[in-house]
Each structure stands twice: as C-alpha cells, then as structure tokens.
Amino acid sequence: MQIQSETDFHQVTTPHWQLVVRRQTDRWTHELQLPANGGWVTVLASKEGAPDDFTPPSSAFQDMRLERLDAETCELQLFGQCGKRIYSAAVRCQGNSLTFDQCVRVPQFLASAGSEYVLTPGFLPGRITCSAMEELPDTEVKHDEQRLFAAVVDTAAQQKAHTLRWGYVLRVLPTEA
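Start counting the sequence shown at 4; every next residue gets the next number (the working numbering).
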C-alpha cells in the first residue's frame, strides 16, 4: 500500500484499487479507481452537495486525517458539518476492502441519512461488491447502473439519541493477471 499526501489531495494505492480524496469547495470528496488499460479509471465517485444544501446527498466533511496503521492498512478519519448536522466517518482501507463507518448527529428528527455515489457502468457488481457492515445490519445498500446508495432509516433508538449511523464495505475483486 502506497500513500501520497498533499494539502488538498490524498491517494491510497494498492495493486487492485486506488482511493483518491480531494478538497472540493468546502468539503472532501472521494473516488475509487481501478486499473484499466495501463492507467486508472474512476469507477465510483462520492456525490457531493452544495454548501447551502439542507440535506446533502453524502456526508459533508471539512476536516480529514489520514493515518497509516501498518504496512497494509490505513484509515481516514473525517469530520464536518452541514447546517446543524454534524458528520463523522472512519474509512478503513485494508487488503481489497474499504470499510465506511459513518454517523450524523442531528438536533431533531431526521428520517434517513446515507451516502450516494455516481457509478461508471459495468463495474458494480462485476469488479466491486458492496454490502452493509456486519455490525450495522440496518444499513440498506442499493445500486443500479448509475448510482450506489447506502443509507439507514431512522429507528426509535437512533431518534432518541439524535444520531444515525450507517456502514458499508466496498470489496474490489482482483483481476486475473
């Protein structure tokens, strides 16, 4: 695993995938790239909202920290705010998996929260799979040819705590050499 870090750009690269995190306007965006034709092709990209969105399509993150945990594992820790909603996430990159554990803290009822991605057709489910984290079985994962959406619907327990948490795992299937 190789890591490249600059002020407004971070890249985690393995032989089978590359995660690119960029600063765009007031927030961090991310995209997953796979090797193709001697280069890299973006296969999914976070769908970001505008700074004045009441509910953005994906969590709004203004702060990010990237930490290498060992030779084959790193974690991104992200924090941000949109309106009165506070977002946090941990993204664990290990082997062929990227695990997203996200949370939003709200001052009042919020029916659902989630993460939306724009897809490049032909890669999901062919080269990538996505499923809910075992620890967060209430996370619902849906996709079609153009988008991937992982979300949680507000439950009584989460509503009482004013916190919604969802998590999902992207697994990249290695290609034959």
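Idealized CB from N, CA, C, for every residue including glycine.
query: For Q5, the three-state DSSP class (helix, strand or coil); result: strand
query: Cutoff 8 Å: E70 Cβ touching any chain D Cβ; result: Absent here is chain D; the protein component of the structure consists of one chain.
query: DSSP state of T28 mapped onto helix, strand, coil; result: coil
query: Buried or exposed by the 16-neighbour rule on C-beta atoms within 10 Å, applied to P59; result: buried
query: A93 versus F152 - alpha carbon distance; result: 18 Å
query: Three-state secondary structure (DSSP) of L72; result: strand
query: Residue closest to R26, alpha-carbon to alpha-carbon, out of A53, T10, V44; result: T10
query: CB-CB length for L122 against V46, believed under 8 Å; result: 7 Å
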